[in-house]
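Chemist: Quick note on numbering: the sequence shown equals residues 0 to 357 in numbering that gives the first Met the number 0.
One structure, pasted below without further comment.
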Amino acid sequence: MVTRFWVAARHPRPTIDRLSQAVGYVGFGGYVPPTELTNSDLEGIVDTNDEWILRRTGIKTRHILAEGETILDMAACAAKGALEDAGIDPAQVDDIRVGVNTWMRFPSLATQLQERIGAPRAAAADVSAGCAGFVYAVEQAYHRILIEKARYGRDTIALVVGVDGLSHITDWTDRQTCVLLGDGAGAVVLRHVPKGGILATHTHADGRYGDVLWSDSVLAGQANGSPKTFTHEAKGPRAYLHMDGKKVFAVAVETMVSDVLRVIEKHREATGERIGIEDIDYLYPHQANLRILEMVGKRLGVPLEKVYTEGVVRYGNTSTASIPLGYWDNRKTKGEGRLEVDVAFGAGFASGAILRRT
Ligand code: ACO
């Protein structure tokens with residue numbers, strides 16, 4: 000009897016209660032390459048102008064990878080920054096998830112990152128979900144942390160990175176797309192926290208839109224598609240990003256709005272707590288285009304001062320990096336107890352949202 004009690008105390012039976020333990024972000028990192036491309040630089044590459052770009056997109060500058068600089072370099076800088084911010088040694092990391100669309104090799108970027116930062120005990124995998132890759136990766140890491148605790152009683156530390164080198168697949172002769180895109184990486188560390196953290200997640204996809212935003216980018220290999228080295232002959236036109244901008248715009252607004260409402264609703268279903276849009280302190284939408292962000296804010300009834308928009312102005316559309324880059328940008332102003340929502344939408348179409356308390 001005594002022995003059985005001792006075993007049960009040391010290895011308590013998993014209960015559903017443990018699923019309600021809080022999991023949140025404890026560290027933030029970010030990186031953009033030093034090479035900056037302004038709107039007037041683009042005037043020398045395609046037939047465009049600063050006024051058109053600002054009015055239609057809000058973008059002023061974007062950063063692009065230099066010759067010899069890689070997506071792995073960006074991911075490693077952001078990851079190391081997040082671990083340092085969290086005070087976590089890489090050897091303590093159990094799980095690495097990387098949202099990425101432009102790593103055109105195998106093995107995965109996550110495994111190469113595991114080796115680069117020195118995290119030998121971590122499992123590592125990439126997540127391909129367009130610009131929503133980071134949100135999908137956070138959801139997966141969050142669920143794993145909950146399940147490891149509930150099933151095995153183990154505390155798990157996860158590193159989640161969103162990174163893309165869109166300049167690798169940018170057609171620098173296509174003025175409709177090349178003005179929008181930039182390179183960058185952002186990272187967070189996730190683990191159990193005493194309170195707050197992630198309250199609900201929601202992910203969604205609609206594969207009917209596969210031909211609206213696409214690239215056969217595997218054809219581009221790891222060559223650097225900088226404005227200087229671009230040739231259609233070298234890579235073939237299918238290797239570059241193709242987009243029906245108007246269709247992306249309309250579905251992006253619709254879906255981001257419904258995903259925010261859905262994640263709030265999921266939280267209510269799980270806990271009974273009613274959260275209204277007016278309770279949201281801050282929104283981190285994927286930084287695709289300032290006009291999309293303005294429209295999403297307006298449709299939701301969230302004033303623009305509560306919406307992160309600085310990223311798209313400074314970095315352009317950095318795909319799956321844009322939300323964690325936003326956290327990193329705002330890291331000095333992060334307060335406790337704030338209710339925040341992340342929402343992303345991208346190729347696939349794939350989308351998702353996270354409801355969190357800081
Ligand atoms: N500079 C100057 N003129 C341009 C440029 C440019 N860079 N690009 C297009 N134009 C011209 C067009 O040729 C057209 O000229 P015309 O009237 O003589 O034919 C005119 O501007 C209007 O073009 P539209 O394509 O109708 O412009 P629109 O208002 O749709 O804006 C844009 C284009 C900015 C791409 C818009 O459709 C958009 O924001 N779409 C969302 C796409 C997006 O954000 N994608 C990001 C990737 S997906 C994601 O992250 C969710």
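Where is the CB? At the ideal position from N, CA and C, for every residue including glycine.
1. Less than 8 Å between the CB of T56 and some heavy atom of the ligand ACO, yes or no?
2. So is the beta-carbon of N316 under 8 Å away from any non-hydrogen atom of the ligand ACO?
3. Taking the beta carbon of R61 as the centre, do at least 16 other beta carbons fall within 10 Å, making it buried, or is it exposed?
4. With a cut-off of 8 Å, do at least 3 Cβ pairs link the segment 100-115 to the segment 144-157?
5. Going by other Cβ atoms of all chains shown within 10 Å of its Cβ, with 16 needed for buried, is N48 buried or exposed?
6. Can you give me the C-alpha to C-alpha distance between L338 and G325, rounded to a whole angstrom?
7. Can N100 be considered in contact with the ligand ACO, in the sense that its beta carbon sits closer than 8 Å to one or more heavy atoms?
8. As an exercise, report each continuous beta strand (DSSP E) stretch of at least 3 residues that is fully enclosed by the segment 251-322, in chain order.
9. Let's see if you can read the secondary structure: which residues bound the beta strand (DSSP E) around V126?
10. Distance, Cα to Cα, G244 vs T34?
11. Given that a residue counts as buried once 16 or more other Cβ atoms are within 10 Å of its Cβ, and exposed if not, what is P236?
12. Between L41 and R120, what straight-line distance do the alpha-carbon atoms span, to the nearest angstrom?
13. Jot down the residue ranges of each uninterrupted alpha helix (DSSP H) in the segment 135-188, minimum 4 residues, whole runs only, in chain order.
14. Near V45, what residues of its chain come up, given a Cβ to Cβ distance below 8 Å and the 5 sequence neighbours on each side ignored?
Modeler: According to the data block:
1. Your numbering for residue 56 matches position 57 in the sequence shown. Flag set: Cβ of T56 near the ligand ACO.
2. Residue 316 sits at position 317 when you count from the first residue of the sequence shown. Checking the Cβ of N316 against the ligand ACO gives yes.
3. By 1-based counting over the sequence shown, the position of residue 61 is 62. In this structure R61 is buried. Its beta-carbon is surrounded by 16 or more other beta-carbon atoms within 10 angstroms.
4. At 8 Å Cβ cutoff, the stretches do not touch.
5. The count along the sequence shown starts at 1 and reaches residue 48 at position 49. N48 should be labelled exposed.
6. Sequence index remark: in the sequence shown, residue 338 carries index 339 (1-based). Sequence index remark: in the sequence shown, residue 325 carries index 326 (1-based). Answer to the nearest angstrom: the Cα atoms are 16 Å apart.
7. Position 101 of the sequence shown, counting from 1, holds the residue named residue 100. Because no heavy atom of the ligand ACO lies under 8 Å away, the Cβ of N100 does not count as near it: no.
8. For the segment 251-322, whole beta strand (DSSP E) runs of length 3 or above, ordered along the chain, are 281-284.
9. Within the sequence shown, residue 126 is the residue found at index 127, counting from 1. Taken as a continuous stretch (DSSP letters only), the beta strand (DSSP E) holding V126 covers A122 to V126.
10. Counting from one through the sequence shown, the residue named residue 244 turns up at place 245. Counting from one through the sequence shown, the residue named residue 34 turns up at place 35. Cα-Cα distance, rounded: 26 Å.
11. Locating residue 236 in the sequence shown gives position 237, counting from the first residue. Counting C-beta atoms within 10 angstroms of its own C-beta, P236 has fewer than 16 neighbours from the protein chains shown and is therefore classed as exposed.
12. Counting from one through the sequence shown, the residue named residue 41 turns up at place 42. Counting from one through the sequence shown, the residue named residue 120 turns up at place 121. Approximately 44 Å, taken between the alpha carbons.
13. Counting only unbroken stretches of 4 or more residues, the alpha helix (DSSP H) elements lying wholly within the segment 135-188 are 174-177, in sequence order.
14. Taking the first residue of the sequence shown as position 1, residue 45 is located at position 46. Taken in chain order, the residues that qualify are W171, T172, D173, R174, C177 and V178.
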